[in-house]
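Q: Going by the working numbering, the letters in the sequence shown line up with residues 18 to 189, in that order. No residue lacks a Cβ here, since even glycine has one placed at the ideal position from N, Cα and C.
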Amino acid sequence: IIDELHEKSKIKDNRINKIGNTWIHQEGPRLDHADYLNDKIEVRIAEGKGRGWFAKQDIPEHTLLISSKPFEIAYYDEAPEHTQSIISKIVPPGCIIDSSVVVGVELMIRITQKLLVEPERCREFYQLYCGPNLVPMEKLNEEMLYCVDVNRIMKIFAYDSFEQIDRTNNIK
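1. Tell me the rounded alpha-carbon separation between Tyr93 and Glu135.
2. From Pro97 to Ile128, what distance separates their C-alpha atoms?
3. Which residue comes first and which comes last in the alpha helix (DSSP H) that contains Ile126?
4. How far does the beta strand (DSSP E) with Arg218 in it reach, from first residue to last?
5. Going straight from the alpha carbon of Val120 to that of Ile90, what length do you get?
6. Over the uninterrupted alpha helix (DSSP H) stretch that includes Ala96, give me the two end residues.
7. Would the beta-carbon of Leu133 fall within 8 Å of that of Val108?
8. Distance check for Glu160 and Glu10, CA to CA, integer angstroms please.
9. Looking at the structure shown, is Ile113 part of a helix, part of a strand, or coil, going by DSSP?
10. So, helix, strand or coil for Asn38, using DSSP?
11. Could you tell me which residues DSSP puts in a beta bridge with Leu157?
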């Protein structure tokens, strides 16, 4: 399946290397467009434990079991210049703005824009964990499930991101 999803085109990262000799995604696919479930597993309810993955047969090592399209995705090389401008206005002077900050802000902008265009998807997105200080989705009234809540988006990003940086202690 990896070969089937392999993206053949290379993307120049002109922000890092103005000459254009640096390439991104040198190996492997960009799995931002896949929904795949291997037929050797099934997703079902485990009594007393919730949903889980269950093997229907022996599965060889390194077998791709599941791949799901993310709600939204952002890459550093695809972030518009205005994202840098926004960051420079809200980050205190002297702070280092690295690529993970740019990607994080761009991702939150894209999620917000997507929900503004498709407010019916708020319910789906708000199912993600937003920390202990916000009202859980189950307790929101019906109208709030169609409102774009940027604070909730920021908290979901902070708590659900796969990063080495803990962003949860910086948000209130």
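A: Looking at the atomic coordinates:
1. 24 Å
2. 15 Å
3. 116-134
4. Here the chain covers residues 18 to 189 and nothing more, so residue 218 does not appear.
5. 9 Å
6. Per DSSP, Ala96 belongs to no alpha helix (DSSP H) and is neither H nor E.
7. no
8. Shown here, the chain extends from 18 to 189; a query on residue 10 therefore has no answer.
9. coil
10. In this prediction, Asn38 has a pLDDT of 42, which is less than 50 and means its spatial position is unreliable; nothing more can be read from the coordinates.
11. Partner(s): none; Leu157 has no beta bridge.
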